[in-house]
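Some notes on the structure that comes next.
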């Protein structure tokens, strides 16, 4: 494991929570962490004029049994740190499903994240964040370019539909489907690996997420 991979999380772990009660915490995987200081959380912070602590980590999963992975930020629930967060922005679950979307138990793995009854690891994580007093903005995954193999997209579509239903129950939970922002026919919105967001895509997603958060605040 290269130090370069761990450095963003280690720096975030050393960053104290801002004293402002308007502060934002970002948790999640590489979609959130990509593009560094031009990433989605940083764009949200600029758009809203609020301090942001970005604890997201490339390769992070919604669920891992490794204590080392948890300590290094690769377990998304363990990325949380105590603070008077106004918002937590979150994306999760892609690494748990990716590579497992053509297995017989794919539906069970998907439903473990959020099932038809709107229970599962995602609702549990969000409920815990809400109980701490934070509003939550959850980002659903966008689609890949048309010529890229994407066996997980039907599963992500189901998860996104269920997350929208969950958000409809709670005015303190915002859901943004990144597929509503990212034009899958525009290669310029994807990084060289054709998976992660380009800086322009992170800017579009971050701006859209900030708009949804502002609307939820009624301002």
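Residue numbers (the numbering used here): 147 to 365. Backbone N, C-alpha and C fix where the C-beta goes; we use that ideal spot for every residue, glycine too.
Item to complete: From the DSSP output, read off the bridge partner residues of residue 233.
Response: 170, 281
Worksheet entry | residue 315 classed as buried or exposed, judged by whether at least 16 other C-beta atoms fall within 10 angstroms | exposed
Item to complete: In the DSSP assignment, find the beta strand (DSSP E) that holds residue 199 and state where it starts and stops.
Response: 198-200
Fill in: Integer Cβ distance of residue 267 from residue 208, believed to fall under 8 Å
5 Å
Practice prompt. Tell me residue 192's beta-bridge partners as DSSP assigns them.
Written response: Per DSSP, none; premise fails for residue 192.
Practice prompt. Give every residue of the same chain whose Cβ lies closer than 6 Å to the Cβ of residue 154, excluding the five residues on either side of it in the sequence, and list them in chain order.
Written response: Note that residue 154 has pLDDT 48, beneath the 50 cutoff, so the model's placement of it is unreliable and no number is given.
Worksheet item: What is the residue span of the beta strand (DSSP E) that residue 319 lies within?
Response: 319-323
Discussion item. Beta-carbon within less than 8 Å of residue 184's beta-carbon, same chain only, minus the 5 sequence neighbours each way: which residues are those?
Written reply: 345, 348, 349
Fill in: For residue 221, the three-state DSSP class (helix, strand or coil)
strand
Practice prompt. Check whether the region 205-219 touches the region 167-186, counting contact only when three or more Cβ pairs, one atom from each stretch, lie closer than 8 Å.
Written response: yes
Worksheet item: Between the C-alpha atoms of residue 300 and residue 237, what's the straight-line distance to the nearest angstrom?
Response: 17 Å
Worksheet item: Using 8 Å as the Cβ pair cut-off and three pairs as the minimum, do the region 304-318 and the region 332-344 touch?
Response: no
Worksheet entry | For residue 328 and residue 235, believed in contact at Cβ under 8 Å, the rounded distance | In fact, because the Cβ distance is near 17 Å, the residues do not count as touching under 8 Å.
Worksheet item: Looking at C-beta atoms only, is the number of pairs between the region 271-289 and the region 216-235 that lie closer than 8 Å three or more?
Response: yes
Discussion item. On a Cα-Cα basis, can you pick out the residue from 296, 254, 319, 253 that is closest to residue 285?
Written reply: 319
Worksheet entry | Spatial neighbours of residue 317 in its chain, beta-carbon cut-off 8 Å, leaving aside the 5 residues before and after | 362
Practice prompt. Apply the 10 Å Cβ neighbour rule to residue 297 and answer buried if 16 or more other Cβ atoms are within range, or exposed otherwise.
Written response: exposed
Practice prompt. Taking all protein chains shown into account, decide if residue 256 is buried (16 or more other Cβ within 10 angstroms of its Cβ) or exposed.
Written response: buried
Item to complete: Can you tell me which of 355, 180, 292, 312 puts its alpha carbon nearest to the alpha carbon of residue 263?
Response: 312
Fill in: Same chain only: Cβ atoms within 7 Å of residue 241, ignoring 5 sequence neighbours per side
175, 205, 206, 207
Fill in: Identified DSSP bridge partners for residue 207
221
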